[in-house]
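Undergrad: Residue numbers (our numbering), protein chains in the order written: chain V, 865 to 1223; chain R, 865 to 1223; chain H, 865 to 1223; chain L, 865 to 1223.
Pasting a structure below so you can have a look.
Structure representation (structure tokens):
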């Protein structure tokens, strides 16, 4: 059973390869009557768009998303609503240079899925990573933008930002400034150092890893013990992003060094006094802010020479050219937000099945 | 849609509360013809059994597992085989003192699911955590033992051990000794220090966190991109264990500080030269050892005085008595193994749907 | 992927063989706060119990159902409520004579699943049909009884009765009398003829087929186009009962001979004028009574001599002894009700995910 | 949880409305390495295309299907193979006159889903039935054509034909001629009478029902007891076609009048002597031909005057104009084949998860 669907009630199925006709998503299970503003949808896509240099690659993808079904503008209105039927979203590829990948046809790139896709499927679309390309995440962002508009009806909001890049860690979390630098970084001084670090590493033909933090304001009660605990589903969604190698919630890996008396969040009549839990207790949101962090690996496409093998298992050296980013950060930021939104939208609807209207 | 089922093809549904009639698991989708040895099943249960003191609580649970369906001993044989029908496993509760929880009926214990279960369901079985109790994981271990016997037919093996407890970290990984100390610790010297640490913290009425590492020998090809990447499903399974607050694969959170040229695992004709990937590339196992780590929070039941509220939202202080462990480690070890086994068993069967016999 | 789970939100997994330890069901997804009366649960089981002679076999199954988890009696109350956690139901086997099946170990019974279970699984529990036994349906009835109590909170009610048996068809549908004869037959005269027919056929060592009609009062709006149309899911549920060979809704197979102008149900301000649709339009309930009929095949276990083969594919003759019914009617009646209830309970909860509380 | 996905391992999600941008299907779970010939795909679409008059409407839909993802032509080959990634299929609408539906905006058409879609979703795309339109089935045919190419690798073949139309029943089943008349009718004489009947009823502005029979050659072993019995899943799939009001397998509703000794299919060393079972025993295919029949209701869009209500629940009369067929037959024929193929493809892959390669 393949794995291209995410969610159980708000269900998103994505399709498409980096260098084929396009990519897309079909959302099944979005409730009817939600206002779906195409402009807001496109705005989310634009946040994922590569910038003009810096950490992002010079490849320009307009990423125009089209809504093919599932919305309706009632006669006399100028607003579109979801109808409860599947919402089909498509992003057609325009700027795909398959030619530039011809040299990689017979070689496995280190750190990429070339070798595993072939091992699994016995056949491989070698052009730009095919289905394993980061381009696939554009479909997630499109679907996540629909989830965003659904969540807004319940006051649920999600925000991601960079807390580490190339070894530089933030010392403060000033969320007011995250849109004023291209790393979505909440610490202006750190952002400057990150710029410097990126510039240096670009020269060396190398790439950088980092850490993204995601927070969500969310009412208490979401999450489905025991296997679909909210943190388990969030970890699933975030870890399904190609570059992510670790996920933690609340105090995360720090809990290993803590005492129970330190880690427990005391409760007083105004609520929780601290938030080591990261907003989730026993798999269910507790009304505190949900706090997650993901470890983002350096992009594996580097122009430095690497050791690898070809299809005949002969040793070769490889330098990956093409138009590549220095780090998955910042473009992974809206993808992280999308995965958290898709998870929360699913759990919002899942929870509704046990709340009887009228009760 | 509730969340008490794990897996999509090898599917496990658990049921039961800590202080009810019992707990159990129903496995649907186990292939027929697998030898199911009840003694091996019980042996796994026994690994999770509390010890005589130390980090584990003095509560003694025999945890006798009964196989109620799904196996058959052909006439003339003395071995039982799975039949392809659902395998129902039950562990009846014997040593459950609900009385000792009566004082907690009206108080929310910090760090526990008391407050969130009530927020979600509007009703709560207050006895020993009910469904949120660690006791629920016994059913996972039972189901995981069935998965173990299935995986053995394909040479897949899983092993977990402690790499940190109460701030004490292992310096070596000598797997030969993990069964010779009660922390399943691969470093004898560290194990001794852990003993000392536990003794001290027990006196203080406090508890400890730690880190568990899980490794698996697994053939290449398992995992279902893009959402059900192997690491995403493993993270889901591990993060669904109550005490786990973080999951990482391979180099994990260290990738944040690494360069692409450091993190990429070079390939030569003998295979991968390093294993920062932790055995998974683009969501598919690559044939290297799968390496995972989880952060385990300190057990929230402490006898130190804590600040909380009661059902009327009045401030109270609370000291949690009862028979509790100092750390989820080591009893969480077989639970981690079980979740990894259940995930791999599911992915083994999922992968088989795309391999055509005869091809 | 095996198929022992029914439903997507109200999900029932059954387990067990006819001559093993017992059978059971785990319900995941039942909302919390539903009163679950064990006496009402047992009452449903008793309706399926074999009678003293007549169309039913003399085998006496007490079919005592036990609730192992998922309910809670709050302190000070004497009523049990569902808690939102899995409800585990078990019926332990007591009166199972496996010995009487020893003669059938090597022979395939015509009309039974002996040959197909072996073809599929390569191993077969030959005792009394194993998992393919009608006994498995007791678990469905137990789960259906839980669904009944859930549906009652929304005024949904289901009723099944016999409209044909052994060629004798009812001429009226007087539902007041269906509990006053052992065929659940709404036509007293037809019921008498059925008695006579059963007596005759019993002497001949043969068995009878028939038709069951199921009606349900159900609000408009349930059903999930396009693949999970309400009639499609009901057909799935009913056709999954072993003896059922056909399912129809409303006018059913008669529509083949009708004109559009005859078949369309006109609408007036008071509602639908007729009900050829059987209460469902375009896959969604329309508020009219849901009307279904199923064709029930004669029980294949007959004492007449039949032609078959043994495990070595040698021709043999076979006479099936043991304690068997003359017809699946009436014992299939509560099973049909159960499958319709499980389907409607699932669709009630599925529908709730798109109704926003407060709207 | 919405219902626009069919299948569990070979999973098809359809999207689109009759008068929107287009319709489509995403297939997730198709194994890699299957040759996918776009010409064969289009050939299936063409079988569903409306004819030049007769039982079909004059609306001309080119129904050009585009394959947007999931296939790859290896360098140097001219054949496309599936890659194991999602196959996205789109059929863009071209000849959709939404204007002609404007008069129906405020009126509920009898026999249509107008009233139930509004009841369920609170919003309705009134143009040509929206999602409830028969046009949606074009996406099923496209997906079914992919399933056909998968099934061919295992020798599984499906064929549907008309056995009754407007009260005229076939007396023979000469499958050689089903493509030589426009009803896919296996009885030349009956086909002529059907022509006559259609001509007459067209004049009267009325429509006709009928019966379609579907047969499949299928190896033994497919089907997943107990809830996903093969006949249950086939019934689900077929009953999910808008016009279908009944489904039967093998002897179907005739079993109600049969004795066990008549209905049981004797077995001899060459196999089953008869096929009342319709190729399925206890939910698993037995190697005999699978035989199914569905009752097809007359198309509800008739030009005769009908009684209905408008959005204000006021009595109105309605005559449905537009370009409509006289019967869902023959266009439903390839749709029935598609649903049976999708079901069998899913069960073929589901079965593979329990066959261990090498055993």
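We put the CB at the ideal spot given by N, CA and C, even for glycine.
Bear in mind the structure is a predicted one, so any value in this text is a computation, not a measurement.
1) Along the chain, where does the beta strand (DSSP E) containing residue 1200 of chain H start, and where does it finish?
2) How should residue 1198 of chain L be labelled, buried or exposed, when 16 other C-beta atoms within 10 angstroms of its C-beta is the threshold for buried?
3) In whole angstroms, what separates the C-alpha of residue 1031 of chain R from that of residue 901 of chain R?
4) Does DSSP classify residue 878 of chain V as helix, strand or coil?
5) Taking only heavy atoms of the ligand FAD into account, decide whether any of them is closer than 7 Å to the Cβ of residue 1156 of chain R.
6) I'd like to know whether the C-beta atoms of residue 894 of chain V and residue 931 of chain V end up nearer to each other than 8 Å.
7) Alpha carbons only, please: which of L/873, L/1012, L/1077 is nearest the one belonging to residue 906 of chain L?
8) Please name the residue in R/1215, R/1173, R/1136 whose C-alpha comes closest to that of residue 975 of chain R.
9) Is the beta carbon of residue 935 of chain L less than 8 Å from the beta carbon of residue 944 of chain L?
10) Is there a C-beta anywhere in chain R that falls below 8 Å from the one on residue 1161 of chain V?
11) At what residues does the beta strand (DSSP E) containing residue 1235 of chain R begin and finish?
12) Quick one: does residue 1145 of chain R have its CB under 8 Å from some CB of chain V?
13) Going by the CB atoms, is the gap between residue 1021 of chain H and residue 1084 of chain H shorter than 8 Å?
14) Cβ closer than 9 Å: which chain H residues qualify as neighbours of residue 1003 of chain V?
15) Opposite residue 952 of chain H in the DSSP bridges: which residues?
16) For residue 993 of chain L, which of L/1167, L/985, L/981 has the nearest alpha-carbon?
17) Could you name the residues of the same chain whose beta carbon sits closer than 7 Å to that of residue 1207 of chain R, not counting the 5 residues immediately before and after it, in chain order?
18) Since residue 1124 of chain L and residue 1070 of chain H are thought to touch, with beta carbons under 8 Å apart, how far apart are those beta carbons, to the nearest angstrom?
19) In the DSSP assignment, find the unbroken beta strand (DSSP E) run with residue 1074 of chain L in it and report its ends.
20) List the endpoints of the continuous beta strand (DSSP E) containing residue 1171 of chain R.
21) Within 10 angstroms of the Cβ of residue 1039 of chain R, are there 16 or more other Cβ atoms? Answer buried if so, exposed if not.
22) Spell out a yes or no on whether the region 1157-1175 of chain H and the region 1115-1132 of chain L are touching, meaning 3 or more CB-CB pairs, one atom from each, closer than 8 Å.
23) Counting C-beta neighbours from all protein chains within 10 Å, is the total for residue 867 of chain L 16 or more, i.e. buried, or is it exposed?
24) Just to confirm before moving on: does the CB-CB distance between residue 1026 of chain V and residue 1193 of chain V stay below 8 Å?
25) Can you tell me the Cα-Cα spacing of residue 947 of chain R and residue 1213 of chain L, whole angstroms?
26) Curious, which full-length alpha helix (DSSP H) runs of at least 4 residues does the region 1007-1071 of chain R contain?
27) Could you check which residue in R/898, R/1156, R/1004 has the C-alpha nearest to that of residue 1015 of chain R?
28) Straight-line CA distance for residue 1133 of chain V to residue 1205 of chain V?
29) Listing by chain order, which chain V residues have their CB less than 7 Å from the CB of residue 995 of chain L?
30) If residue 1160 of chain R sits next to residue 973 of chain R, beta carbons under 8 Å apart, how far is it from one beta carbon to the other, in whole angstroms?
31) According to DSSP, is residue 1126 of chain H helix, strand or coil?
32) Taking only runs that begin and end inside the region 962-988 of chain L, name each unbroken alpha helix (DSSP H) of 4 or more residues, in chain order.
33) Quick one, which of V/1147, V/1195, V/1209, V/1215 has its alpha-carbon nearest residue 1001 of chain V's?
34) Helix, strand or coil, according to DSSP, for residue 1133 of chain H in the structure here?
35) Within a Cβ cutoff of 8 Å, which residues of the same chain sit near residue 1217 of chain V, ignoring the five residues on either side of it in sequence?
36) Give the residues of chain H in contact with residue 1035 of chain R, contact being defined as C-beta atoms less than 7 Å apart.
TA: Based on what the coordinates show:
1) Taken as a continuous stretch (DSSP letters only), residue 1200 of chain H belongs to no beta strand (DSSP E), being part of the alpha helix (DSSP H) at 1196-1216.
2) Answer is buried; the Cβ neighbour count reaches 16.
3) One C-alpha to the other measures close to 39 Å.
4) It is a strand residue.
5) In the structure on display, the ligand FAD does not appear, and there are no ligands present to speak of.
6) Not in contact: residue 894 of chain V and residue 931 of chain V (Cβ atoms no closer than 8 Å).
7) L/1012 is the residue among L/873, L/1012, L/1077 whose C-alpha sits nearest the C-alpha of residue 906 of chain L.
8) Residue nearest to residue 975 of chain R within the set R/1215, R/1173, R/1136 is R/1173 (criterion: CA-CA distance).
9) Result yes, Cβ atoms of residue 935 of chain L and residue 944 of chain L sit closer than 8 Å.
10) Yes, contact with chain R.
11) With chain R running from 865 to 1223 in the structure shown, residue 1235 of chain R is simply not present.
12) Interface residue, yes.
13) A distance of 8 Å or more separates the beta carbons of residue 1084 of chain H and residue 1021 of chain H.
14) Residues of chain H passing the Cβ test: none, with the nearest at roughly 22 Å.
15) In the DSSP output, where bridge partners are listed per residue, residue 952 of chain H has H/890.
16) Ranked by how close their Cα comes to the Cα of residue 993 of chain L, the residues L/1167, L/985, L/981 have L/981 in first place.
17) Once the five neighbours on either side are set aside, the close Cβ partners of residue 1207 of chain R are 1097, 1098, 1101.
18) Contact holds; Cβ gap of about 5 Å.
19) Per DSSP, residue 1074 of chain L belongs to the beta strand (DSSP E) from 1074-1081.
20) Residue 1171 of chain R: member of the beta strand (DSSP E) spanning 1170-1173, first to last residue.
21) Its Cβ having fewer than 16 others within 10 Å, residue 1039 of chain R is exposed.
22) The region 1115-1132 of chain L and the region 1157-1175 of chain H touch, with three or more beta-carbon pairs separated by less than 8 Å.
23) By the neighbour-count rule (16 or more Cβ atoms within 10 Å), residue 867 of chain L is buried.
24) Yes.
25) Roughly 19 Å separates the two Cα atoms.
26) Listed in chain order, the complete alpha helix (DSSP H) runs (minimum 4 residues) inside the region 1007-1071 of chain R are 1052-1068.
27) That would be R/898, whose Cα lies nearest to the Cα of residue 1015 of chain R.
28) Taking C-alpha positions only, residue 1133 of chain V is separated from residue 1205 of chain V by approximately 30 Å.
29) Within 7 Å of the CB of residue 995 of chain L, the CB atoms of chain V belong to 949, in sequence order along the chain.
30) At roughly 18 Å, the Cβ-Cβ gap does not stay under 8 Å, so residue 1160 of chain R and residue 973 of chain R are not in contact.
31) Note: residue 1126 of chain H maps to helix in three-state DSSP.
32) Here the runs fully enclosed are 978-985.
33) Of V/1147, V/1195, V/1209, V/1215, the residue nearest in Cα terms is V/1195.
34) In the displayed model, residue 1133 of chain H falls within coil according to three-state DSSP, outside both helix and strand.
35) Closer than 8 Å at the Cβ level, and outside the excluded window around residue 1217 of chain V, lie 873.
36) Neighbours of residue 1035 of chain R on chain H: none; closest Cβ ~43 Å, over 7 Å.
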